[in-house]
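> Take any residue in the sequence shown, note its place counting from 1, add 1, and you have its number in our numbering.
Glycine included, every Cβ here is placed at the ideal spot set by N, Cα and C.
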Amino acid sequence: MWNIKKSVYIDRPIDEVYHYAINPSDWFQWYVGLSEPQNLVGQGETGTTMNMKYTMLGMHLPIEVEVVETGKDGNGYTWRGTVKGAITSDQFWTYIPERKGVEISLDMNYELPGKLVGKVANKLIIQKLMNNSMEQTLNNLKAVCETSDTYSMNAD
Numbered sequence: 002m003w004n005i006k007k008s009v010y011i012d013r014p015i016d017e018v019y020h021y022a023i024n025p026s027d028w029f030q031w032y033v034g035l036s037e038p039q040n041l042v043g044q045g046e047t048g049t050t051m052n053m054k055y056t057m058l059g060m061h062l063p064i065e066v067e068v069v070e071t072g073k074d075g076n077g078y079t080w081r082g083t084v085k086g087a088i089t090s091d092q093f094w095t096y097i098p099e100r101k102g103v104e105i106s107l108d109m110n111y112e113l114p115g116k117l118v119g120k121v122a123n124k125l126i127i128q129k130l131m132n133n134s135m136e137q138t139l140n141n142l143k144a145v146c147e148t149s150d151t152y153s154m155n156a157d
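(1) Of the residues Ser106, Asp91, Ile97, which one's Cα is nearest the Cα of Glu112?
(2) Provide the residue(s) that pair with Ser106 in DSSP beta bridges, ordered along the chain.
(3) Kindly indicate the opening and closing residues of the beta strand (DSSP E) around Val66.
(4) Name, in chain order, the residues that DSSP records as bridge partners for Gly77.
(5) Using only the alpha-carbon positions, how far apart do Asp108 and Ser8 sit?
(6) Count the other CB atoms within 10 Å of the CB of Met60; is the residue buried (16 or more) or exposed (fewer)?
(7) So Thr47 and Val66 are in contact, right, with Cβ under 8 Å, and what is the actual spacing, rounded?
(8) Find the nearest neighbour of Ser36 within the set Arg13, Asn140, Asp27, judged by alpha-carbon distance.
(9) Buried or exposed: Met2, going by 16 or more other Cβ atoms within 10 Å of its Cβ?
(10) Can you tell which of Asp74, Ile127, Gln137, Glu99 has its C-alpha closest to the C-alpha of Ile11?
(11) In whole angstroms, what is the alpha-carbon distance linking Ile97 and Gly86?
(12) Thinking C-alpha only, which one of Pro63, Lys73, Ile5, Val18 is nearest Glu147?
(13) Which residue wins for smallest C-alpha separation from Gly82, given the options Ile15, Phe93, Asp74, Lys129?
(14) Nearest-angstrom Cα distance between Ser134 and Val33?
(15) Could you pull the start and end residues of the alpha helix (DSSP H) that Val145 belongs to?
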């Protein structure tokens, strides 16, 4: 299993960013490689489940996502989710107030299927691709949050 740790500062109030970021209906807009959810039960709170596809190296990999923990932690928030299926992953996101915005940290453990690893002989290439993907995911979230008006971030 491999690990990625990333963080980003978003210049927007923590409550707005957190509630937007945990809503699975919006993930495909900023999370690199994710499809829109299917069979969605919940809105990102603990117990939310869904089916999605994660696209990597031209392969559309079916996954099941479950939100296993959400919560308020002092002035911040935490979110933990698991991914099962073609990819196995545990993701832990923290949202900490910083200046007028929020510092988001992601700690992700993941394992890729043999057929995907076999497609690229060098495992370091796959690790670099995943690292870049998560970096872009956080940058996408930052861009959406810092340029969207409140209505579009709260719309269903």
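Working from what's here:
(1) Start at 1 with the first residue of the sequence shown, and residue 112 comes out as number 111. Of the candidates Ser106, Asp91, Ile97, the one whose C-alpha sits nearest the C-alpha of Glu112 is Asp91.
(2) Looking up residue 106 in the sequence shown gives position 105. Residue pairing by DSSP puts Ser106 in a beta bridge opposite Ser8, Thr95.
(3) Residue 66 sits at position 65 when you count from the first residue of the sequence shown. For Val66, the enclosing beta strand (DSSP E) stretches over residues 60–74.
(4) Position 76 of the sequence shown holds residue 77. For Gly77, the beta-bridge partners assigned by DSSP are Asp74.
(5) The residue you call residue 108 lines up with position 107 of the sequence shown. The residue you call residue 8 lines up with position 7 of the sequence shown. For Asp108 and Ser8, the gap between their C-alpha atoms comes out near 9 Å.
(6) Counting from one through the sequence shown, the residue named residue 60 turns up at place 59. Counting of Cβ neighbours within 10 angstroms places Met60 among the exposed residues, the total staying below 16.
(7) Stepping through the sequence shown from its first residue, residue 47 is reached at position 46. Stepping through the sequence shown from its first residue, residue 66 is reached at position 65. Not a contact, Cβ separation roughly 13 Å.
(8) Reading the sequence shown from its first residue, position 35 is the one you call residue 36. Ranking the options by Cα distance to Ser36, first place goes to Asp27.
(9) On the sequence shown, residue 2 is found 1 positions in, with the first residue counted as 1. Only exposed fits Met2, as fewer than 16 other CB atoms lie within 10 angstroms of its CB.
(10) As a working note, residue 11 is residue 10 in the sequence shown. Nearest option by C-alpha distance: Glu99.
(11) The residue you call residue 97 lines up with position 96 of the sequence shown. The residue you call residue 86 lines up with position 85 of the sequence shown. Cα-Cα distance, rounded: 31 Å.
(12) Residue mapping note: residue 147 aligns to position 146 of the sequence shown, counting from 1. Out of Pro63, Lys73, Ile5, Val18, Val18 has the C-alpha closest to the C-alpha of Glu147.
(13) Residue mapping note: residue 82 aligns to position 81 of the sequence shown, counting from 1. For the residues Ile15, Phe93, Asp74, Lys129, the minimum Cα distance to Gly82 belongs to Phe93.
(14) As a working note, residue 134 is residue 133 in the sequence shown. As a working note, residue 33 is residue 32 in the sequence shown. When rounded, the separation of the alpha-carbon atoms in Ser134 and Val33 is 6 Å.
(15) Within the sequence shown, numbered from 1, the residue matching residue 145 stands at position 144. Taken as a continuous stretch (DSSP letters only), the alpha helix (DSSP H) holding Val145 covers 124–148.
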